[in-house]
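**Student:**
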Amino acid sequence: MPATTAPGNFDVAVIGGGMIGPAVSLGLLERGLKVCILDEGDDVLRVARGNFGLVWFQGKGFGMPRYVEWSRMSATLYPAFAAELKSYTGVDVGHAQPGGLELLLGEEELAHRRHFIGQIYQQGGGKEYEVEFLDRKQVEDMLPGVGLGDDVVGASYSPVDGHVNPLFLLRAMHTRFQQAGGTYLPHHRVSAVKKNGAAYDLITEAGTVSAPKVVIAAGHGLKQLGPPLGLDIPIRPQRGHILVTERTKPILPMPMSAFRQTVEGSIMLGVSAEEAGYNDQVDTGTVAKIAERAARTIPALRELNVVRTWAALRVLTPDKCPVYAESKSHPGVYAIASHSGVTLAAVNAKVASGWIAGDPAPEQFEAFGVERFDAQKTA
Amino acid sequence: MSAAEFDMVIVGAGPAGIAAAHEAVNVGLTVCVVDEQDAPGGQIYRDVERVAMERAHDLDVLGADYKYGFGLVDGLHASKVKHFAGHTVWQIERDGTVWCSDGNKAKCIKGRRVMLATGAMERPVPVPGWTLPGVMTAGAAQILMKSAGMVPSGPIAICGSGPLLLLIADQLVRAGANIAVLAETTTFADYVRAAPHLLRALKAFDYLQKGMAMRRRIKAAGVKIVSGISALEVVGSEKAEGVSFKAGAKTHRIDASTVLLHQGVVPNTQATRQLRLEHLWHAQQHYWYPKTGRHGSTEAAAIYIAGDGAGINGARAAEAAGRLTALEVACSLDAISRENFDLKAAPWQSELDHHQAVRPLLDAMFRPPAEILNPPNDSTIVCRCEEVTAGDIREAARLGAPGPNQLKAFLRAGMGPCQGRMCGLTVTEVLAAAHGTSPAQIGAYRIRPPLKPLSLAELADMEAGDSDVTLGSPSSGP
Amino acid sequence: MLKRRHNDGKVVTITVDGETVEARAGESVAAAVLAHTEGATRTTPVSGAPRAPYCMMGVCFECLMEIDGQPNRQGCMVRVTDGMSVRRQQGARDMETSS
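Protein chains in written order, with our numbering: chain A, 257 to 635; chain B, 3 to 480; chain C, 396 to 494.
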C-alpha cells in the first residue's frame, strides 16, 4: 500500500481527496502551509468521480444572492486557475467558457424557467444577473448543425457558464498538490477527530494524523464526522444519473445543462435528481427517461451508442447552497459541503483557502454558515 | 415496459448454458437462453451446427472435441427452451431482471432465477506491438477456422502458453497453415512445479494423452518450436512484420505477417462485476472469479453462475456444472425434491470431478509470466481503447491512485468501448506491483451498465413512463 | 491477411469502402474484410493508430466498422449479407444531423 506512515507536523489536515479537498489544499500550500489530505480507498462513494463537468452559473443561488456572487467569482477565476494547473502539471483540464444553455421543451417549461430566473434576478436587488432568454431561432444560430427537436421552444443562456473535464481536473489538482509538497494519504478513512491539546488527532485505521487545523471536505462523510465537532449539518444524498456516449466528431459548441461534449468527443447526457438514500446503483427507468428527453431535444443523438451510465450522490443541503463553516465548539475545525465541487474549485483554491489560513472570511460567507439551518429547525 | 417471465433465465449459450437449459426443461421449468450470437455453442462450439452440416472438411481440422459440441447444441431447437439468439444482455439486476437488446429494441426479461454462463475470454497479452494489425489472439484464429473456414495466409508466429495454444497450433497444422514458429513462454521450471499435481491429473489421463499427441504432431509437421522464451515483442510499424524474443542467451527475430498471442483464458466477469458480487483472486492463474456457493449459487439469492465464468475448468466441466446448477435451481424453486436432486446430480458430479482433475496440473504448468502480467516496458499499451501505457499507470500510482477506479478517473483507462475487458487485469497487476501489494488488495474496476454499448434510441424508446423520476439538477429550479 | 481453405460456400457480394468484394455466407464481416485486405481495418479516435480485429469474439472492440451506414459496429459479431456496405471506421464517428 502507499505510505501508511503518519508523519506529523502538518499545519492543516484535509479530510477528503475529491473536488473540494485538493482545491482548498492547493491554496493552503501556496500560502506556505504544510498540508496533508486524508483519503479513503478505491471503490467508495466518490461524488468527485460522478461529475458532469459544468462550471455553471445560471440558476444557482435561488434564495441566496451570496451564492450567485460566489459562483460568478469562481467562473471568473477559472481561466487563470486552469492555466496555472496546466503550466505546473502539463495536464490540460479542458476548461472553456463559451457560455451555456438550458434548453426548454414546451411553453410551460419556458414560463417556469422565466419565473425561476426572474426570482434570482429580483433577489439581487437590481444588480446585474447575466442570464437571458433566447427564442428557438436564436438557439439554432448558437448551435449550428445540431438539429433541435420540434419541442424546443428556446433556452436560458448565460455567458458566464462553461465546462471542464472533471476527471482531468481531479488528476491535475492531485498532481499539483504533490508537486507543491503536499502529503497525500490514501487508505486513511477518518473515523473520528479528537481534540488533543492545541491540535486535533485524526483517527484512521492506518494510524493517527495530527494538525492544529482540520478541514472536513469529506462529502457524505461529514454526516458522521461533523456532529461530535459541533458541525451538525443537515446534508443528504441526492442521486443523479449521467449517460456517456461513444466519441463523435465535435458537434456541440457549448455546454448545456443536460448535454456536454467532452474534448475527447463523448457526449454526456444528464441529469436526474432522485431521493434514493445512499444507493448509488444505476436505475434503468431513470436512464430511459434521460434518454427519452435527450432524443426529444436533439433527435440526432438517437443514433449514438451509450457506452456507460453512471449514478452518483450529490451532497445536498436543504437550501441547495454551500456550507463553509468553522466549528464554534472546536475552533480550527472547518466544514465545507457543496454539490458544486467542480464549479467552485477555482474559488475554493484561491479564496476559501485564505479563510482557513487565517485571512478574514470573504463577505459571502456570512450566508454560508450553519446558523441558517438552526433557523429552519426552529421555524 | 412489459417483461417476458421465466423460471430460469440463462445468459450464454455455450456448454454450461445449453446443458443447464436441457436439464431445467427436463424437470419442468420454463427456461430461456439469451445469447449474443445467432447460433448456439458459445466460443468453444462456435458455429458447430453449420460446420457439421455444411463444412465437413473443417470438421476434420477442428477435431473430435469440437464435433462433440454438435450433439449438445443439436437438441436445442427442438426443445421447449426459448432461445433468444442474437440478443445482447446489457444489464442484470439482482432481483432477476435481465435487460437485453436485439440490436434494434431493448427488451426486459424476468427470471425467478438467473444463471450466468458467460464463459471465458483470453487473457490480454500486453507486449510491445500487440496493437498492430496482424496481431490476434490464438483463439481468434480458431474462431476464424470455426466460423469461416479461414486460416492466416502466413507466415504465422504463435506465441505464449497454455493448453489451448497447442490445440490451436495443431489445428492450424492440420489446416495446412504456414507456421513460422511456435514460441512458448513455458519453461522447464514450470514443468517441475507442476509435477506434484501429476498423480491427481492421471485421473484425467485422456487430457494428458491428448496434449502429448498434439505436441508430437506439431513437431512432426516440421514446425520450429522454441520453449522458455522471454522479452517477446511484435515487430512492425503499420502492421505486424514479425516477432522477436529471447531464448537462453540468444535473441530470435522471426518474420511473420500474422502473430497469434495466447496466455490462457480467464473468466469473463463483466456481468458478475456489474452485479457487484464478491470476487476472489486466483493467485496461481492471476484472474478474478466470482465467489460461488453450492452449485453456482451466489450471495444474491436469484443469481447463479456456471461454467468458466465461475472459474476456468474447460468445456466439459462447464457442461456438467451447468446441469448441476440447473438442478440446484429446480430444487430452490421446489420443482424437485432434495432426494431427487441427489439422484439426478450424482452422475454429473462425478463427470465434473473427472474433468476438474487435470486442472491443478495445468494451472501450475501454464502460469502467465511476470512480464505479461506487469509489462516492464513503460511504453507498452495496456488500455487499447484509450491508449494508456504501463508507464502512465505507474505514474498515476505515484500520484497515489489507490486502485483501478481512481486510476480510471485519472487516465480514462477502461472507459473506451471495451469497457475495461482488455485492460482490467493488467491495470490491477501494474498497480499492485507499483504499490508493493497483492492484486487481491488492489481490486478491480467497478463495471457499470450497459455491459455492451447500445443506442440511445433503444433506451429512449423503452417507455419508462411509469418512472416517477424528476429530471434536472439543483440549478434547474425548485 | 486470411485465406479461405475452400471456396465452395455460397457467394455473398458486399462492398468494402466502395470496392466490390466476394464473401461467403456465414462469414462475419470482420472475417470477410480480413480475407480481402491486409493491415488496418480502423483507426483509433485517440491517436489515429491503425488497428485490426484482435479477439474475434466480441470483447476487444478492435473490429469496429461502419456497416450499412451504422458506425462503430462490431464486425466480428455481424454476418455478411448480400449487398451489405462496409466501411473501415476512421477515428471517431460522425453524428448525422437533420439540419
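The beta-carbon is built from N, C-alpha and C at its ideal position, and this holds for glycine as well.
(1) If we count the other Cβ atoms within 10 Å of its Cβ and call it buried at 16 or more, is residue 371 of chain A buried or exposed?
(2) Which one of B:303, B:322 and B:298 has the shortest CA to CA distance from residue 312 of chain B?
(3) Please return the same chain residues whose Cβ sits closer than 7 Å to the Cβ of residue 519 of chain A, not counting the five positions on each side in sequence.
(4) Do residue 187 of chain B and residue 383 of chain B have their C-beta atoms closer together than 7 Å?
(5) At a cut of 8 Å, does the stretch 326 to 339 of chain B reach the stretch 355 to 372 of chain B through at least three beta carbon pairs?
(6) Using the Cβ count rule (16 or more neighbours within 10 Å means buried), how would you classify residue 535 of chain A?
(7) Which residues of chain A have a Cβ atom closer than 8 Å to the Cβ of residue 491 of chain C, listed in chain order?
(8) In whole angstroms, what is the alpha-carbon distance linking residue 247 of chain B and residue 447 of chain C?
(9) Quick check on the burial criterion: 16 or more other C-beta atoms within 10 angstroms. Buried or exposed for residue 429 of chain A?
(10) Could you say which of B:117, B:414 and B:177 lies nearest to residue 273 of chain B if we only look at CA atoms?
(11) Closer than 9 Å between beta carbons: that is the criterion. Which residues of the stretch 297 to 315 of chain A meet it against chain B?
(12) Can you give me the start and stop residues for the beta strand (DSSP E) that residue 426 of chain C sits inside?
(13) Quick one: which chain B residues come within Cβ less than 7 Å of residue 546 of chain A?
(14) Starting from the C-beta of residue 137 of chain B, find all residues in its chain whose C-beta is less than 6 Å away, skip the five residues before and the five after it, and write them out in chain order.
(15) Taking Cβ-Cβ distances below 7 Å as the criterion, which residues of the stretch 346 to 357 of chain B are in contact with chain A?
(16) Determine, using beta carbons only, whether residue 498 of chain B comes closer than 7 Å to chain C.
(17) Determine, using beta carbons only, whether residue 434 of chain C comes closer than 7 Å to chain B.
(18) 7 Å is my cut-off, CB to CB: does residue 125 of chain B come that close to chain C?
(19) With the cut-off set at 7 Å, would you say residue 389 of chain B and residue 407 of chain C are in Cβ contact?
(20) Could you tell me the distance, in whole angstroms, from the CA atom of residue 211 of chain A to the CA atom of residue 451 of chain C?
(21) Please tell me whether residue 479 of chain C has its Cβ less than 7 Å away from any Cβ of chain E.
(22) For a contact meaning CB atoms closer than 9 Å, what does residue 383 of chain C contact in chain A?
(23) For residue 430 of chain C, which residues in chain B fall below 8 Å Cβ to Cβ?
(24) Any idea what DSSP makes of residue 271 of chain B, helix, strand or coil?
(25) Nearest to residue 603 of chain A by CA position, among A:618, A:591 and A:614, is which residue?
(26) Taking Cβ-Cβ distances shorter than 9 Å, what residues in chain A pair up with residue 425 of chain C?
(27) Taking 7 Å as the threshold (beta carbon to beta carbon), is residue 505 of chain A in contact with chain C?
(28) Excluding the five sequence neighbours on either side, which residues of its own chain have a C-beta within less than 7 Å of the C-beta of residue 412 of chain C, listed in chain order?
(29) Among all the DSSP beta bridges, which residues are the ones paired with residue 283 of chain B?
(30) Would you list, in sequence order, the uninterrupted alpha helix (DSSP H) runs of no fewer than 4 residues that lie entirely inside the stretch 533 to 577 of chain A?
(31) Do we get a CB-CB distance below 7 Å when we pair residue 475 of chain C with the residues of chain B?
(32) Please report the distance separating the alpha-carbon of residue 548 of chain A from that of residue 273 of chain A.
(33) Go ahead and pull the three-state DSSP assignment for residue 261 of chain A.
(34) Please find out if some non-hydrogen atom of the ligand NAP comes closer than 6 Å to the beta-carbon of residue 416 of chain C.
(35) Closer than 7 Å, CB to CB, is residue 364 of chain A near chain C or not?
(36) Of the residues A:424, A:496 and A:591, which one's Cα is nearest the Cα of residue 626 of chain A?
**Tutor:** Put simply:
(1) Looking up residue 371 of chain A in the first sequence gives position 115. Flag for residue 371 of chain A reads exposed.
(2) Mapped onto the second sequence, residue 312 of chain B falls at position 310. The shortest C-alpha separation from residue 312 of chain B is found at B:298.
(3) Position 263 of the first sequence, counted from the start, is the residue given in the question as residue 519 of chain A. Cβ neighbours of residue 519 of chain A beyond the five flanking positions: 350 and 421.
(4) Here residue 187 of chain B corresponds to residue number 185 of the second sequence, with the count starting at 1. Here residue 383 of chain B corresponds to residue number 381 of the second sequence, with the count starting at 1. Not closer than 7 Å, so no.
(5) no
(6) Within the first sequence, numbered from 1, the residue matching residue 535 of chain A stands at position 279. Flag for residue 535 of chain A reads exposed.
(7) For the purposes of this step, residue 491 of chain C is taken as residue 96 along the third sequence, with counting starting at 1. Per Cβ cutoff of 8 Å: 556 and 559.
(8) Here residue 247 of chain B refers to the residue found at position 245 of the second sequence. Here residue 447 of chain C refers to the residue found at position 52 of the third sequence. About 23 Å.
(9) Position 173 of the first sequence, counted from the start, is the residue given in the question as residue 429 of chain A. Burial call: buried.
(10) Numbered from 1 along the second sequence, position 271 holds the residue referred to as residue 273 of chain B. For the options B:117, B:414 and B:177, the alpha carbon positioned closest to that of residue 273 of chain B is the one of B:117.
(11) 297, 298, 299, 300, 302, 304, 305, 308, 310, 312, 313, 314 and 315
(12) One-based indexing of the third sequence puts residue 426 of chain C at position 31. Here residue 426 of chain C belongs to no beta strand (DSSP E); instead the alpha helix (DSSP H) covers 424 to 431.
(13) The residue given as residue 546 of chain A occupies position 290 in the first sequence. Neighbours of residue 546 of chain A on chain B, chain order: 473.
(14) In the second sequence, the residue the question calls residue 137 of chain B occupies position 135. Excluding sequence neighbours, residue 137 of chain B sits near 236, 242 and 261.
(15) none
(16) This structure does not reach residue 498 of chain B, given that chain B is present from 3 up to 480, and the question cannot be answered.
(17) Within the third sequence, residue 434 of chain C is the residue found at index 39, counting from 1. Residue 434 of chain C counts as touching chain B.
(18) Taking the first residue of the second sequence as position 1, residue 125 of chain B is located at position 123. No - not a single Cβ of chain C is within 7 Å of the one on residue 125 of chain B.
(19) What you label residue 389 of chain B is simply residue 387 of the second sequence in a count that begins at 1. What you label residue 407 of chain C is simply residue 12 of the third sequence in a count that begins at 1. It is not a contact, given that the beta carbons lie outside the stated cut-off.
(20) Here chain A covers residues 257 to 635 and nothing more, so residue 211 of chain A does not appear.
(21) In the structure shown, chain E does not exist; the protein chains are A, B and C.
(22) Lying outside 396 to 494, the shown extent of chain C, residue 383 of chain C is not represented and no answer is given.
(23) Indexing the third sequence from 1 puts residue 430 of chain C at position 35. Under the 8 Å cutoff, chain B gives 150 and 152.
(24) The count along the second sequence starts at 1 and reaches residue 271 of chain B at position 269. Three-state DSSP puts residue 271 of chain B in coil, outside helix and strand.
(25) Numbered from its first residue, the first sequence carries residue 603 of chain A at position 347. Selected option, being the one with the closest Cα: A:618.
(26) Working through the third sequence from its first residue, we reach residue 425 of chain C at position 30. Those within 9 Å of residue 425 of chain C in chain A number zero; the least Cβ separation is about 18 Å.
(27) Start at 1 with the first residue of the first sequence, and residue 505 of chain A comes out as number 249. Yes, contact with chain C.
(28) Reading the third sequence from its first residue, position 17 is the one you call residue 412 of chain C. Taking residue 412 of chain C as the centre and dropping the five residues before and after it, the same chain places the C-beta of 482 and 483 closer than 7 Å to its C-beta, in chain order.
(29) Numbered from its first residue, the second sequence carries residue 283 of chain B at position 281. Residue 283 of chain B is bridged to B:290.
(30) 540 to 553
(31) As a position in the third sequence, residue 475 of chain C is number 80, starting the count at 1. No, no contact with chain B.
(32) Looking up residue 548 of chain A in the first sequence gives position 292. Looking up residue 273 of chain A in the first sequence gives position 17. Roughly 35 Å between the two C-alpha positions.
(33) Mapped onto the first sequence, residue 261 of chain A falls at position 5. Residue placement at residue 261 of chain A is poorly supported in this model, since its pLDDT is 44, which falls under 50; the coordinates still yield a value, given next. If DSSP states are grouped into helix, strand and coil, residue 261 of chain A belongs with coil.
(34) Absence of the ligand NAP from the depicted structure is noted, as is the absence of any ligand whatsoever, leaving it without description.
(35) One-based indexing of the first sequence puts residue 364 of chain A at position 108. No, its Cβ sits nowhere closer than 7 Å to a Cβ of chain C.
(36) Numbered from 1 along the first sequence, position 370 holds the residue referred to as residue 626 of chain A. The candidate whose alpha carbon is nearest that of residue 626 of chain A is A:591.
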